[in-house]
Structure formats: structure tokens, C-alpha cells
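Going letter by letter, the sequence shown gives residues 16 to 291 in the numbering used here. Glycine residues also receive a C-beta, built at the ideal position from the N, C-alpha and C atoms.
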Amino acid sequence: MSRIALVTGATQGLGLALVAGLAARMTPDDTVYLTGRDPGRVRDAVAALPAGRAHVRGELLDVADPEAPETLAARLVERHGAVDVVVGNAVMRVGPDDDPREIVGDYSEINNFGTTRLLRAFAPRLPDGGRLLVVASSLGTLHHLAPVLHERFDRATTLDEVDAQVAAWRDAVADGSARAGDWPGFVNIPSKIGQVAAVRALAASRRHEDGRRGVLLAAVCPEMINTPTSGLWWDVSGAPSPDEAAVAVLDLALGPVDPAHYGELVRHGRVLPWRP
């Protein structure tokens, strides 16, 4: 049977590499959707891809739009019957010169609420053997958060509860009160923790049924990647390229399911502990 895959934030970097990798590994009967929010960039990205085995199609998807993920999920299921592999990779990048108070609204809207919208839209529609992966980071564990803040995310048992904690953090950054509190100054840390917490919360409610049906829901850390944005923060001269970093994510998306990965943050096939 043909399979359908979808990658968000796929017009450049890791997202584009994931689309190319899926197209290379899947069959000519399969379809990979390259999605992004700019029609020109989606069109150009599809045109620039090397020929793969699977068919690549472009679709508009702005995860910051509250209705867009649900609308696209319904349309693709109507078109194909199911979406077998979903990789959430949409991200707003920030640089060292960006003022967190000014960017945190858009940043959380894409990275965090965009993630939970994707989970709400596609998880209930996953077929047997389906995969839903959220690209996160090794920063997305409680090791990187002050202990006094752990329970905010550790006790969140629904996506609504995770969203509420992310909104509280966003508002504290925006009004400046986060600076006087225990929140880390680097906005990437709470954001990534919120992404992983969302996966964990949803997985807790679906674990038994997904296990029976061979469904994998997980967060994935592709490690540091050599990109211009990463280079603004760190020396990434020895880091893998997007194509190289995509390999471990593709293995998780298309390889055999390891039950130990379910609901966890996985890096190169190993689970990163959530708690210190």
C-alpha cells in the first residue's frame, strides 16, 4: 500500500533534508508533502529537490494559524485515507541580538502552539503503524530548568495544560518579569521543554492503544546542525550538515518501532532522560 508523509517547516535546512530523505527511502507509490507558509518558497524548494523515489508535493501550512493544521489534516485524510508519517519541524529562529520580550509572542506561537496544533490535528488520524515526530532538542529536558519550575511541565497531563504553562512563560518574558524570576534567559530552553512536555502529555493518554496499533509518538533531537543560524550562537564548524543530521530522524520515522522510544525525547536511537 502507498504511504503518505508530511514535514512542516520544510523549505530549508533540516526540514528540506528530511523531505529529500523520505523521498529517497520511500517508494514510487508514496507521496511526501513539503510544507511551509510561503507559497514561493514552497514552490522553489520542491523544484530544487533532487529526484527521489517517492513523489514530492508542496502544500501551504502555517502552524501559527490556529485552523491550518486541522484543515490540512482533514484534507489530506480525505485525499489519501491517512497520513502515515508526520514530522513537526516548523520553527522560528532567533539570533543573539533579538530581544526576547519582542519576539517571544511569535516564537511561542510557531514553536510551541504550532506543535500542539499539529499534535491535535494529526495524532487522532494516525493509521496503524503511523509515526508522529516532533523535532526538539537536548535542551528540552528538565535538566536545563530550575528545579522550582519543574512541576509546571512535569505535572501537565494534557495539551491544554502544557499550552497554559507555555503561555505563562511567554507572558513573563514579554512583561519582563521572567528576568527577575527563575526562567532561563535563553528562550530556546523553555520552548523546547514545552515541546517535549506536549509529546509526553499526549503520549500518556494514548500509550496503550498506540502500542497495540504499532504507532510511534516521540520527540526527536537531531543534535547540533551546521546552519547559519546555529553559527550565530556556537562554533558549528564540526557539526553535521542538515542531510547528515536527518539520518537519525529518518531512521525513527521509517525504521522498526522501539517501544522504549514512545513518548520520549530520542537522540540517535537513545532516550534522553526527562528528569534530572
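DSSP three-state label for residue i, please.
i      : result
Ala263 : helix
Arg52  : coil
Arg170 : coil
Asp106 : Correcting the residue type first, residue 106 is Val in the shown sequence and not Asp. Residue state, collapsed to three classes: coil.
Leu37  : helix
Thr86  : helix
Gly270 : coil
Gly120 : helix
Gly30  : helix
Leu157 : helix
Asp12  : Because the chain here runs from 16 to 291, residue 12 falls outside it and cannot be looked at.
Gly129 : helix
Leu91  : helix
Pro139 : helix
Pro162 : helix
Leu134 : helix
Pro111 : coil
Could you pull the DSSP bridge partners for residue i from this structure?
i      : result
His70  : Thr46
Val101 : Leu21, Leu147
Leu287 : Leu280
Leu75  : Gly51
So, is residue i buried or exposed, given that buried needs 16 or more other C-beta atoms within 10 angstroms?
i      : result
Asp175 : exposed
Glu238 : exposed
Leu87  : buried
Ala219 : exposed
Ala63  : exposed
Met16  : exposed
Thr23  : buried
Asp178 : buried
Thr131 : buried
Glu279 : buried
His292 : A query on residue 292 cannot be resolved here, the shown segment of the chain reaching from 16 to 291 and no further.
Pro282 : Note on identity: in this sequence residue 282 is Arg, with Pro being the wrong assignment. Its Cβ being crowded by 16 or more others within 10 Å, Arg282 is buried.
Trp184 : buried
Thr50  : buried
Ala302 : With the chain represented from 16 up to 291, any question about residue 302 goes unanswered, as that position is not in the structure.
Ser152 : buried
Ala195 : exposed
If residue i and residue j are in contact, beta carbons under 8 Å, what's the gap, nearest whole angstrom?
i      : j      : result
Ala38  : Val71  : 5 Å
Pro139 : Asp99  : Pro139 to Asp99, Cβ: 14 Å. No contact.
Leu293 : Arg146 : This structure leaves residue 293 out entirely; the chain is present only between 16 and 291.
Ala83  : Leu91  : Going by Cβ atoms, the distance from Ala83 to Leu91 rounds to 12 Å, so no, they are not a contact pair.
Asn104 : Val150 : 5 Å
Leu154 : Asp197 : Between Asp197 and Leu154 the Cβ distance is about 16 Å, and since that is not below 8 Å, they are no contact.
Asp45  : Ala69  : 4 Å
Leu148 : Val264 : 7 Å
Val235 : Gly209 : Not quite, the Cβ-Cβ distance comes to about 16 Å (not below 8 Å), so this is no contact.
Ala161 : Arg116 : With 8 Å as the limit, Ala161 and Arg116 do not qualify as a contact, their Cβ atoms being about 20 Å apart.
Can you find a CB in chain B that lies within less than 9 Å of the CB of residue i?
i      : result
Val286 : The structure shown has no chain B; it contains just one protein chain.
Which runs of the beta strand (DSSP E) spanning at least 3 residues fall entirely within the segment 176–257, listed in chain order?
-> 231–235
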